[in-house]
């Protein structure tokens, strides 16, 4: 698993139908502390708290959940300079039906917050991209986002790379 | 009840617990009574309980105390459901309920019109949830929480009376560094890793 390969040991998640297979992997992995959330913003707090006591954390959510999390991202992660790997399903990306408006606002909001982000379009890139994003977030002490597209999450058999 | 008196009772039994407190006068009062690098001040309204949960899950053998307010918890009620789901037995969640947004102009919160936060916590799945209705009851509840190994939620109705205390002495980033260095020292773990410059490798 790419996330474990990057040293991640605590993952906070909120489901999206396109994340379901990935979340099953997270749930079944006994080496990981998995925190299923009710709302994404609390996940930012949980990951911040766990980081302060030595955990390496990731938060997995849809981009709508990223919008839900913005106050915590600004006034906790950015204010205290706390790293966090955000793995965000890029709903409303090119070719993806239903969430076009959410999709159109995702990159502008990340840019406005000064959060560096990378778009994952090929599952084979996952382990390396996750490892590098983790190095960047730890070094910069700021959150870093990986936008994961439907074509990546759709390749179910290959999902173990994430 | 006066919040400051409750905090005094807590300071007497808190030991080396990690204490996460919601922004506002409560944090200043706590820090005046129990100055320590194990204190973490939260700036995002509502996030106190979630940050404390993260710490409790990250260090399951260390006591973690969340000092929350009614306005703060009302903004993140779902954290009670997540705490109940994770059942961290090292977490004590204390809510000082003065029924107003004290730091935001003292407007009434929903607890002032009848919302029962202990009832909400119990219904969310935190079995050991109770109102401490007197100073003695509060002291007893926190003493037993510090001794026991069970997740608990303690509510205390307090007046809006503030105690004169100094300001919080450090900013957010210094709070982070001091807190992490304190964890490294007391848990004997390395959290900040530094690398030699590339020319050395």
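Chains as they are written, first to last, in the numbering used here: chain D, 1 to 162; chain X, 163 to 363.
For glycine and all other residues, C-beta sits at the position ideal for the given N, C-alpha and C.
Just so it is clear, the structure is predicted and the values come from calculations on it, not from any experiment.
Measuring from the CB of residue i, is there a heavy atom of the ligand ADP at a distance below 7 Å?
i	result
residue 213/X	The ligand ADP is not part of this structure, which contains no ligands at all.
With distances taken Cα to Cα, identify the nearest neighbour of residue i among the options.
i	options	result
residue 215/X	66/D, 54/D and 45/D	45/D
residue 174/X	302/X, 350/X, 354/X and 324/X	302/X
residue 40/D	61/D, 29/D and 51/D	61/D
residue 188/X	272/X, 233/X and 220/X	233/X
residue 160/D	95/D, 78/D and 130/D	130/D
residue 6/D	18/D, 97/D, 138/D and 89/D	138/D
residue 141/D	83/D, 33/D and 71/D	83/D
residue 106/D	149/D, 76/D and 32/D	149/D
residue 8/D	90/D, 86/D, 101/D and 125/D	86/D
residue 283/X	322/X, 304/X and 247/X	247/X
What is the DSSP secondary structure of residue i, reduced to helix, strand or coil?
i	result
residue 317/X	strand
residue 222/X	coil
residue 18/D	helix
residue 250/X	coil
residue 9/D	coil
residue 38/D	coil
residue 338/X	helix
residue 363/X	coil
residue 183/X	strand
residue 357/X	coil
residue 201/X	strand
Cβ closer than 9 Å: which chain X residues qualify as neighbours of residue i?
i	result
residue 10/D	216, 219 and 220
residue 42/D	208, 209, 211, 212, 215, 238, 240, 241 and 244
residue 45/D	204, 206, 208, 209, 210, 211, 212, 213, 214, 215, 216, 238 and 241
For a contact meaning CB atoms closer than 7 Å, what does residue i contact in chain X?
i	result
residue 53/D	217, 220, 221 and 345
residue 79/D	205 and 334
residue 75/D	205 and 206
residue 20/D	Neighbours of residue 20/D on chain X: none; closest Cβ ~19 Å, over 7 Å.
Who are the neighbours of residue i on chain D, taking C-beta pairs under 7 Å?
i	result
residue 243/X	38
residue 181/X	None at all; the shortest Cβ gap to chain D is about 12 Å.
residue 288/X	By Cβ distance, chain D contributes nothing, its closest Cβ being about 14 Å from residue 288/X, past 7 Å.
List the whole-angstrom C-beta distance separating residue i from residue j, where the pair is believed to meet the contact cut-off of C-beta under 8 Å.
i	j	result
residue 12/D	residue 59/D	5 Å
residue 190/X	residue 330/X	6 Å
residue 253/X	residue 313/X	5 Å
residue 152/D	residue 132/D	Contact flag wrong, Cβ pair sits at about 16 Å.
residue 211/X	residue 235/X	6 Å
For residue i, which beta-bridge partners are listed by DSSP?
i	result
residue 62/D	89/D
residue 230/X	257/X
residue 245/X	Answer is none; residue 245/X lacks a bridge partner.
residue 145/D	86/D and 117/D
residue 33/D	10/D
residue 291/X	315/X
residue 263/X	269/X
Residue i versus chain A: which residues are under 9 Å apart at the beta carbon?
i	result
residue 227/X	Structure shown: chain A not included; protein chains present are D and X.
Whose Cβ in chain D lies nearer than 9 Å to the Cβ of residue i?
i	result
residue 342/X	51, 52, 53 and 54
residue 284/X	Near residue 284/X there are no residues of chain D at all, since even the closest Cβ is about 17 Å away, more than 9 Å.
So with CB distances below 8 Å, who are the chain D contacts of residue i?
i	result
residue 338/X	52, 80, 81 and 82
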